[in-house]
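So for the sequence shown, the numbering used here puts the first residue at 3; every next one is plus one. Input: a single structure, listed below in structure tokens.
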Amino acid sequence: MRLITSVRLWVALLAMLGMALGGLLYLANSRPDIQPHTHATLTTASKASVRSLFLGTSTLVWTDGKTTWLVDGFLSRQPLWNVAFTPLDVDEALVDATLQHALDQLNMPHRVAGIVVAHSHYDHAMDAPYIAKRYGGQVHGSESTWQIALGQDLPPTQMEVVHNAGVARLGDFEVKIRQTRHAPTGFTGGLNHQPLRLPAHALRFKEGLSYSFVVHHKSQGDEPIALVQPSAGFLPGENRDLKVPVVFLGVGGLGRLGQDYIESYWQEMVTQTGARRVYLIHWDDFTKPVFSQGQPAPLVPMPALMDDMSAALPVLQGLALRDGVQLEVHQAWETITFN
Ligand SMILES: [Zn+2]
């Protein structure tokens, strides 16, 4: 009798565990339906125009036909299982294939003048030293990013350590590097104190300082052409003196931060700067490649379990409507033209 009861108990427990796992799997794969927008400024641009090309997270490739530089350059985008359970390394073949396709699409040689790194989490900083070694240019980032570069044996001449603020001069581009805040998530904070040798688990990449980037180009005079805000954080008043027509707005984590937070963030980044066009970035599931089987691959949103974009997007759309701002969910491989 006792045996039958305990067998039943085990069967019931296993059934419950199965249902719980099934539920988790469902949630892990359930994604908000985000429609690609239709207003993309796809490449009709001449080779000399100032352009940016988006490759997921906050990775942007910028060029003016003479000089090419990147924000972050994170392209390894390891599968979720590897991120959770294994130490990570640069996926050199995937980084090469993706970056070379992007440079070909921009009609530019396979050369990079510099990489500005938003902060030192793996989904921003991990691939930058490899790209600098292979394609040239300096990495501009915090001391924590410097530790990641040291771990990959990037020569010191190819590293420009930024402290609270800095400027990257890249041909006719000038990128002002300004301190900002990371989105308040469970991963925020911490410094890398020692060279970070690969392979290393994702959690070993500490944030360091977080930066935003104000992009200028000589052809456009003194006024900046865009603000790139990679992470959905802000220092109150940080953009008090900034006017900019275009914002690349990081939204990672916003789905969990509530309406009041989203409104304050929008106020600081968009209302305050008077921007007329906003491209949402860092909304995508960065455990899926942006280039697969020799082809560009579309981005998909984060699973709702991790970051519910379907909660954040209507709030952002309401604010854009209120302020008369054109809001786009930036799709991978889209090119924005600035002149
Ligand atoms: Zn981060």
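Even for Gly, the Cβ is constructed at its ideal location relative to N, Cα and C.
Close beta carbons around residue i, own chain, < 6 Å, minus the five adjacent residues each side
i: D352; result: With the chain covering only 3 through 341, there is no way to say anything about residue 352.
i: Q80; result: L90
i: W71; result: W64, A115, G116, L172
i: D93; result: S78
i: Q261; result: V317
i: S51; result: T339, N341
i: Q231; result: S214, L251, G252, M271
i: L193; result: S146, K208, G210
i: K68; result: G173
i: Q160; result: A134, Q140
i: W268; result: L321
i: L198; result: Q149, I150, G153
Under 9 Å between C-beta atoms of residue i and residue j
i: G173; j: A115; result: yes
i: F215; j: A299; result: no
i: V272; j: L301; result: no
i: E162; j: G210; result: no
i: T190; j: G235; result: yes
i: Q181; j: Q149; result: no
i: A322; j: V280; result: yes
i: L282; j: E330; result: yes
i: F340; j: A99; result: no
i: Y213; j: V118; result: yes
i: S233; j: S122; result: no
i: A151; j: D74; result: no
i: G143; j: V164; result: yes
i: L105; j: T289; result: no
Cβ shell of residue i (< 7 Å), same chain only, five flanking positions each side left out
i: E176; result: V169, H218
i: L314; result: It should be noted that the sequence gives Ala, not Leu, for residue 314. The answer, listed in chain order, is V253, L256, G257, I264.
i: Y124; result: L90, A204, F207
i: V97; result: L77, S78, D129, Y132, I133
i: K220; result: D174
i: T34; result: The sequence as given places Pro at residue 34; Thr does not occur at that position. Around P34: P303, A306, D310, M311, S312.
i: P226; result: V216, V217, H218, V246
i: R113; result: T70, Y137, G138
i: R278; result: P247, V327, Q328
i: K49; result: G67, N109
i: Q102; result: H112
i: A167; result: I179, R180, Q181
i: T88; result: none
i: Q319; result: L329
DSSP-derived helix/strand/coil call for residue i
i: D125; result: helix
i: I227; result: coil
i: T273; result: helix
i: S78; result: coil
i: W335; result: coil
i: V343; result: There is simply no residue 343 to check, as the chain begins at 3 and stops at 341 in what is shown.
i: F87; result: helix
i: R136; result: helix
i: Q297; result: strand
i: V92; result: coil
i: T45; result: Confidence is the limiting factor: at T45 the pLDDT is only 47, short of 50, which leaves the residue's position unreliable, though a coordinate-based value still follows. It is coil, neither helix nor strand.
i: T40; result: For T40, the predicted model reports a pLDDT of 43, less than 50, meaning its position is unreliable and no value from the coordinates is stated.
i: R278; result: coil
i: E265; result: helix
i: E240; result: coil
i: P316; result: helix
i: D325; result: helix
i: G143; result: strand
i: W71; result: strand
i: P34; result: coil
i: P305; result: coil
i: E330; result: strand
i: D287; result: coil
i: G116; result: strand
i: L55; result: strand
i: L108; result: coil
i: L259; result: coil
i: N341; result: coil
Cβ separation of residue i and residue j, assumed to be a contact under 8 Å, to the nearest whole Å
i: G342; j: D286; result: An answer regarding residue 342 cannot be provided, because it is not within the stretch 3 to 341 covered by the chain.
i: L237; j: R183; result: 5 Å
i: F56; j: H284; result: In fact, because the Cβ distance is near 10 Å, the residues do not count as touching under 8 Å.
Beta-carbon contacts of residue i that lie in its chain and below 8 Å, excluding the five residues immediately before and after
i: N241; result: L229, E270, M271, Q274, T275
i: L156; result: P131, A134, K135, V141
i: D224; result: H218
i: A185; result: S233, A234, G235, G252, G254, G255, L256, L259
i: Q295; result: none
Q: Would you list, in sequence order, the uninterrupted beta strand (DSSP E) runs of no fewer than 3 residues that lie entirely inside the region 154-233?
A: 161-163, 167-172, 175-182, 212-219, 228-231
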